[in-house]
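Protein chains in written order, with the working numbering: chain Z, 342 to 796; chain F, 4 to 337; chain A, 54 to 326; chain W, 9 to 168.
Reading through the structure tokens given below for one structure.
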Amino acid sequence: MELRKNYFADQRKDDLHEIGQPRPRSDSPGHVTGKTAYFADRNFPGMLHLKMVRSPHHHARIRSIDTSEAEKHPGVVNILTAKDVPHNVYTILILIQIGPEDETVLADGKVRWKGEAVVAVLAETERAAQEAAAKVKVDYEVLPAVFDMEEALKPGAPIVNEYHGQNHYLYDSGECRKVRFGDVEAGFAGADHILEQTYQSSPIEHAPTETTGCIVAPEGNDRFTCYTNTQAMFFTLDNASIILQMPGNKLHFVGGTVGGGFGGKVDVIVEPIAILGAKLTGRPVSFIYSREEEMQISSPRAAEKVVIKDGVMKDGRIVARKVTGYTDAGAYSRHSPYGAQKGAGHYPGPYTIPNVWIDTYCVYTNRTPSSAMRGFGVTIGDFALEVQMDKLARLIGMDPLEFRFVNAYRDGDMKAHRQPTEGAALIECMQEASRAANWPVAEKYMAMSSYAKGA
Amino acid sequence: MAIRRGRGVAAINYPTGMNLGGDPTQALVHSTPTGNFMVTLSSVDLGQGMKQIMAQICAETIGVPTDRVVVDTADTDTGPHCMGTFASRGTHRAGNAVIQAAKEARQVMLEVAAEELEVNASDLETDGQGNILVKGAPQKSISIFDVALSAHFKRGRSISGRGMFLIPRSYPEKETGAMKPSTCYAHACTVAEVEVDDETGEVTVLTVKNVFEIGRALNPKMVEQQLVGGSWMGISHALYETTEPYYPNRDHGGTDFNQYLMPGPGDLAETQIIVLERPSADGPFGAKGPGEMCANPQIPAVANAVFDAVGVRIDTLPITPERILRALKAQAPN
Amino acid sequence: MALALQTFSTVKDANAALKATGTRYLGGGTLVVRAANEGDVSISSFVRSTEPSQSAITVSGGTVRIGASVTMAAIARHPDLGTLTRAARAVGGPAIRNMATVGGNLFAPTPYGDFTVALLALDATVSTDGGDLPIETFLAKRDGSHAIVTSVGFALPPQGGFRFLKVSRIKPKGISVLSIAAVLEQAADGTVSAARIALGCMADRPMRAKAAEKALLGRKLTSDGIAPALAVASEGTSPTTDPIASAWYRAQVLPVHLGRLLLGQVAGMETKA
Amino acid sequence: MAKVPVQFTLNGAEKAEFIDSGTTLLHALRDKIGDTSPKGGCHQGTCGACSVIIDGELRLSCLTLAETCNGAAITTTSGLSEGGVLHPLQRAFLDAFATQCGFCTPGMIMAAKVLLDHTPNPSRDEVVEALSGNICRCTGYEPIIQAVLTAARSNSQNAA
């Protein structure tokens, strides 16, 4: 890595003692000796293992659940269904007043994605829990499922999630989060070229080497300690408190040493049910995702569809940009309404465009609920924006890097979401990339600065 | 068979934090009797090294070497609230809270030192090595070790501080979308160079040259860790990763590390990392959040490089050999 | 039923134990222990045999016999089996190769079983307590086979006469897009006098590319010479679709990779050695 | 449930336990013996986090039944540093900033140790091959490869 101290030297003092120093990480000696304690590096006497019975169907009504054979299985201590969960219908962003509650801890009457948790089995060993789980009988009536976002948004599509009533999240602004800036149609009308393109992604897994999980131990005083690899301690504690209808002072969360997260461990999935298991049995409970569960059951990064329509002038100026973004939330909201909204705030990218129209939708389909991941709400949008930029440059016969200089935002430029640009550095990054990659651009671009024009 | 070469560029920015939800983190700092400092948090270290960075931030602020700071996190019985580790917020939000707490503790520390040295606290400075000196008269000094002992056993003072950093929630305006989604932005530009096998659609990323502007590299080696790993993940996203390879068809989702594809150690691009620092107005020592954005620009840069190489646009991620081959076959045969 | 391991000193006794329901033969563990870990409750007992002959490699008079318990790593480092190093190293990473056995590989479902593709091209004989079977017959019947495989035997191909290629997305260790093994004999003028070509991932188990084999006879290994073979390479295949690649893709690139293998254009390929 | 005896040496120390038949070595080490340095990242043999060295060979403890290790000599990452002095590989991983979350690190170090035990001066390709069964999601592998190459160099210098 090379630090280029010549840029922005006037804005920075480099006289610090500890900051800017490549100090060795205090946790590394534990990592290299195998002594770092992750949540699962604990073993409590009498610890039970929790295994989920999961839906084999993408969308189905549950006619009945029969746990009688499973209960008799040797080693089984308890079996939990929806009726055992005090506040079974929840949504995690309720903590910041983003509702409605739309997801079940354990399925109640219906499953909305293949892999949805239906019954929790608590047993003396993992093996006994697996065997008993195989003996739980669930009678399903399979329902039509919808996987394609366009299909889901059509009238008459199967309704994925009745708590929403339609297959998209309803913002206070309506069916989508909107950004309106300038007059996009006038911009298109005056443009030399129009280019409309569609970009698509599919779900992406965080794939941390340590799977999601927790171990819950009763403290013996009606308090429960939850050793967890959550990325957000109080967020998880507070949601568990709501789901379990237990005061927060009964819950004690210990974590902070995590084997990789990347956004995959903020969904509050394993902790509430494990605490409930510990509460009902009085014994420590371990609930750790298998790798298969981590890959297909834990929330992935959402699939997105992004439609970008641009008006561009022959001289390289983008004069109008309309973006319609669709986030495939899967069957439940989790963090997706936030991500789609974050996307609205991110478009049209780091460029100054006078006329902008953004609509971002959070769409429900019968697939694994998606959620946050590294670059949430932005990563796929950036893919779409920056491929579009390449196409626009080629459309008008301009060098793709120079084309970005023409449109790059600078301090003081008004963004589409009506915040003035501060602290911009896109131009300098591109100048340095031009040098590093031996990708020359015209001298006037190398002379540009992110500082406000005329400043 | 033809191996065809191309290059592509992408430039991006990235918002720090989750302003649209409201974004608080708290921290507590106190000294031990011998002048070591405890930072108490409920923030989570995912492996990115938050504990180390918080220690360096506290040390810088108090004026002691980093190894005299211990970070205690994340226990909800002891650590004050943190929203969580996501949205590139950890260093920025928790770092600001630690600075505030450390400043308050430092002030008490200087007051105790002032009493011991019989000077005004405002006349004192730290040397970063664990000593407090009188400005302009450095021979008049006291060690932080002695100050802490005095505070605990002689003067009955608690060298401690509370820190709170809150970005109030921004509510998007319904019709215009006016909002403040971030307080500061990191930036990046990547140039990727690829080879594409036009008979199989296989892509080899030869080089990625990444320039990142991250506000301030609080620990350059740890920044490098993030950026190198992130650059790898960006390439991985571009060419390999999906839990639903035939999306929106739900079949054939991978269930293990053999089926869920990520570049192996034999697939690595030659990776260059260049870092610029334009300090953010509200970041701890100017830092922004580099953890997420470092994995973004490689994706479009690789996509654009593939086009440059073989003249087909793959607008669907991941850019698999199959998608490239289908597009090549769909091209006019001439 | 809790899991259990039963160890026997002879294949005969192990075979007898395998008659009980819920039993699975334990080779290197890479398939059956994994299945049990993943919650396959149909497995209640692992059975293994420690009969020494299953761990032996013998090479004599141009004939090779490899015990079923021999690992991929043992094959890869055996001084007389240099021909097979590439195929043995195509399986897993280093740890897997220290565990995965020849016997297990014969049962590995697509896209695994790359070493078996090599054995199929070598026209190996698969031996069990109950007798010997040509590998092609064995593979066709393997789903119903309960007899423990004791060894595989084959004639060492002539110098430079064996070629192997595994195509994967991830390097150096990835599972197969496809794998190809070929045993070729060439006359003095370079024309192919005998050919056996085996394919992995082009069906639910390794298969022979017989049309391509036939089309190679009497042809030289040049672009023009192999063209008829490539044109029929996909005959009889029903490639698998999985997270790695679709059937369409596998079918499209099979002739490409077969052509490269036949022309010696594969990186690191030793066509002489 | 039938308990069976297992006896082996772990990092040079004799260990004897009664375990449930069919228990994997990974569970036996972590839950019975208390050596949690091998990690359970997949229990499928696809991540390498549970890698240990058995009689000089790299093996996956998640797919190895403990009973099959009777009489074996087992090495784990927790046994590499002696008297508080880090093994050269551990030192090199620290110096190269080759750990982030650390979960893959013990397995990586096992894979690297076996390589260096057999090939003291490996090429980059040999290092890549040796690490190929171990997944890292944080680092992009390059710092790990560099750490192993550095450890090899420091070994050969010490030997010279």
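Ideal placement from N, C-alpha and C gives every residue a C-beta, glycine not left out.
From a predicted model like this one, the values you see are computed outputs, not experimental measurements.
Taking the C-beta atoms as reference points, residue 428 of chain Z is found nearer than 8 Å to residue 586 of chain Z.
Taking CB atoms only, residue 633 of chain Z has a neighbour in chain A less than 8 Å away. When DSSP assignments are scanned along the segment 483 to 517 of chain Z, the uninterrupted stretches of alpha helix (DSSP H) that are 4 or more residues long and fall wholly within it turn out to be 490 to 494. Of the residues F:50, F:71, F:111 and F:41, the one whose Cα lies closest to the Cα of residue 379 of chain Z is F:50. Counting along the chain, the unbroken beta strand (DSSP E) around residue 66 of chain W starts and ends at 65 to 68. The continuous stretches of alpha helix (DSSP H) do not include residue 366 of chain Z, and DSSP gives it neither H nor E. In its chain, beyond the 5 residues on either side, 194, 195, 196, 308 and 311 have a beta carbon closer than 7 Å to the beta carbon of residue 10 of chain F. Residue state for residue 27 of chain F is assigned as strand, using DSSP reduced to three classes. At a cut-off of 8 Å, the C-beta of residue 294 of chain A has a neighbouring C-beta in chain F.
Listed along chain W, the residues sitting closer than 7 Å to residue 372 of chain Z by beta-carbon distance are 107, 110 and 113.
Non-local C-beta neighbours of residue 113 of chain W in its own chain, meaning closer than 6 Å and more than five positions away in sequence, comprise 107, ordered along the chain. Residue contact check for residue 58 of chain A against chain W: a CB pair falls below 8 Å. Between the alpha carbons of residue 691 of chain Z and residue 16 of chain F lies a gap of roughly 6 Å.
From the beta-carbon of residue 90 of chain A, the residues of chain W found nearer than 8 Å are 32, 51, 52, 70 and 71. Residues of the same chain with a CB within less than 6 Å of the CB of residue 49 of chain W, apart from the 5 flanking positions on each side, are 55 and 57 in chain order. Using a CB distance cut-off of 8 Å, residue 10 of chain W does not count as an interface residue toward chain Z. Taking a C-beta distance under 8 Å as the contact criterion, residue 611 of chain Z and residue 554 of chain Z qualify as a contact pair. The segment 71 to 88 of chain W makes contact with the segment 38 to 53 of chain W, as at least three CB pairs between them are under 8 Å. Between residue 659 of chain Z and residue 651 of chain Z, the C-beta spacing is below 8 Å. Leaving aside the five residues that flank residue 100 of chain W on each side, the residues in its chain whose CB is nearer than 6 Å to its CB run, in chain order, 155, 158 and 159. Among the CB atoms of chain F, none fall inside 8 Å of the CB of residue 142 of chain A.
The segment 95 to 103 of chain F makes contact with the segment 164 to 171 of chain F, as at least three CB pairs between them are under 8 Å.
Linking residue 671 of chain Z to residue 544 of chain Z through their CA atoms gives a straight-line distance of about 10 Å. In the displayed model, residue 395 of chain Z falls within a strand according to three-state DSSP.
At a cut-off of 8 Å between beta-carbon atoms, residue 475 of chain Z makes contact with chain A. The residues 112, in chain order, have a CB closer than 7 Å to that of residue 133 of chain A in the same chain once the five nearest residues on each side in sequence are set aside.
When CB distances to chain W are screened at a threshold of 8 Å, not a single residue of the segment 88 to 109 of chain F falls below it. The beta-bridge partner set that DSSP reports for residue 541 of chain Z consists of Z:646 and F:319.
Using a CB distance cut-off of 8 Å, residue 28 of chain W counts as an interface residue toward chain A.
Between the segment 223 to 240 of chain A and the segment 306 to 313 of chain A, the count of Cβ pairs shorter than 8 Å is three or higher; the stretches touch. Among the residues of the segment 142 to 174 of chain A, those with a Cβ less than 7 Å away from any Cβ of chain W are 145, 146, 147, 148, 149, 151 and 152, in the order of the chain. Between residue 393 of chain Z and residue 458 of chain Z the beta-carbon gap is near 5 Å, inside 8 Å, which marks them as a contact. By the Cβ criterion, the segment 148 to 155 of chain F is in contact with the segment 105 to 123 of chain F, since at least three pairs of Cβ atoms, one from each stretch, lie closer than 8 Å. Collapsing the DSSP output to three states places residue 297 of chain F in a helix.
Under the three-state reduction of DSSP, residue 169 of chain A is assigned to helix. For residue 140 of chain W, the chain F residues whose C-beta falls within less than 8 Å of its own C-beta are 267, 268 and 269, listed in chain order.
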